[in-house]
Amino acid sequence: MNIAGLQKMTLLDFPGHIACTVFTAGCNFRCPFCHNASLVIGQTPEQMEEEEFFSFLSKRRGLLDGVAVTGGEPLLQKEIAPFLRRVHECGFAVKLDTNGSFPDRLAHILEGGLADYVAMDIKNSPQSYGDTCGVPVDLDAVRESVSLLMQDRVPYEFRTTLVRQLHTIEDMTAIGEWIRGARAYFLQKFVDSGDLIDQGFSALSDTEMNRYADAVRRFVPAVALRGVG
280 MNIAGLQKMT LLDFPGHIAC TVFTAGCNFR CPFCHNASLV IGQTPEQMEE EEFFSFLSKR
340 RGLLDGVAVT GGEPLLQKEI APFLRRVHEC GFAVKLDTNG SFPDRLAHIL EGGLADYVAM
400 DIKNSPQSYG DTCGVPVDLD AVRESVSLLM QDRVPYEFRT TLVRQLHTIE DMTAIGEWIR
460 GARAYFLQKF VDSGDLIDQG FSALSDTEMN RYADAVRRFV PAVALRGVG
């Protein structure tokens, strides 16, 4: 598997766990506001062999209890399922991040018990999805992934990074109707990482973030904010 980066410890990426974060290279989306552009477009070469990673992991028993796998889009990796299985066999819980565009692969992972928590991006309302992702999107596939997670096989969250130039209150209402009753939905404040695919994007104010959350809350009571002071 193409491990393009490793954060050796995080208290934020995997709720309830002290984890490391594995970054995979490559993505089938081109969201212009993406903060990991070099990973998405494949400019980051493989930085760690699998055996090196598992050697690192074996030395972190008792210090870490989870591994978060993110990207890029991890489900592009052909070796993702055996990789996650091996992480489990080493005694660590797994969190998987995904854009939801590969429901068959996601279903395989869920059915195999290979993920203990899944975080799926909801990029925007259905009518604005393609513009937000920067490429044509099979929305039926994304909808199928949403449905899979809402079967509650594992704990999950949906999340949307809000960008002033791309998201409206009306979009929030449409998303709320789409994922009505979801167990957890996070609205994340956009941050310019300096490694964006495109430029010219800005964050909403904290007040606006709260208004957007209110628009969703009547459909998804479990909506919360990230990145708001």
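Note that the numbering used here numbers the sequence shown so that position 57 is 336, with each residue one more than the last.
Ideal placement from N, C-alpha and C gives every residue a C-beta, glycine not left out.
Classify residue i as buried or exposed, calling it buried when 16 or more other Cβ atoms lie within 10 Å of its own Cβ.
{"i": "Leu-290", "result": "exposed"}
{"i": "Thr-439", "result": "buried"}
{"i": "Val-416", "result": "buried"}
{"i": "Gly-351", "result": "buried"}
{"i": "Met-288", "result": "exposed"}
{"i": "Ile-231", "result": "Here the chain has residues from 280 to 508 only, and residue 231 is not among them."}
{"i": "Thr-300", "result": "buried"}
Going by DSSP, which residues form a beta bridge with residue i?
{"i": "Asp-400", "result": "Arg-438"}
{"i": "Leu-375", "result": "Val-348, Val-397"}
{"i": "Phe-512", "result": "Residue numbering for the chain in the displayed model covers 280 to 508; residue 512 lies beyond these limits and cannot be assessed."}
{"i": "Ala-298", "result": "Thr-289, Gly-345"}
{"i": "Gly-392", "result": "Gly-392 pairs with nothing; no bridge assigned."}
{"i": "Leu-466", "result": "Thr-439, Leu-504"}
{"i": "Ile-454", "result": "Looking at the DSSP assignment, Ile-454 forms no beta bridge with any residue, so it has no partner."}
Pick out whichever of the options has its Cα sitting closest to the Cα of residue i.
{"i": "Gln-444", "options": "Ser-484, Leu-428, Gly-506", "result": "Ser-484"}
{"i": "Val-414", "options": "Ala-283, Met-280, Pro-311, Leu-427", "result": "Pro-311"}
{"i": "Ser-407", "options": "Thr-452, Phe-437, Asp-395, Val-366", "result": "Thr-452"}
{"i": "Leu-342", "options": "Ala-372, Arg-365, Phe-362", "result": "Ala-372"}
Rounded to a whole number of angstroms, what is the C-alpha to C-alpha distance between residue i and residue j?
{"i": "Ser-481", "j": "Glu-368", "result": "42 Å"}
{"i": "Tyr-491", "j": "Val-433", "result": "27 Å"}
{"i": "Pro-405", "j": "Trp-457", "result": "9 Å"}
{"i": "Ile-476", "j": "Ala-316", "result": "5 Å"}
{"i": "Arg-497", "j": "Ala-463", "result": "13 Å"}
{"i": "Asp-344", "j": "Gly-370", "result": "8 Å"}
Quick one: which unbroken beta strand (DSSP E) runs of 3-plus residues sit fully inside the segment 480 to 505? Chain order, please.
Annotation note: the segment 480 to 505 contains the following uninterrupted beta strand (DSSP E) runs of length 3 or greater, listed N- to C-terminal: 502 to 505.
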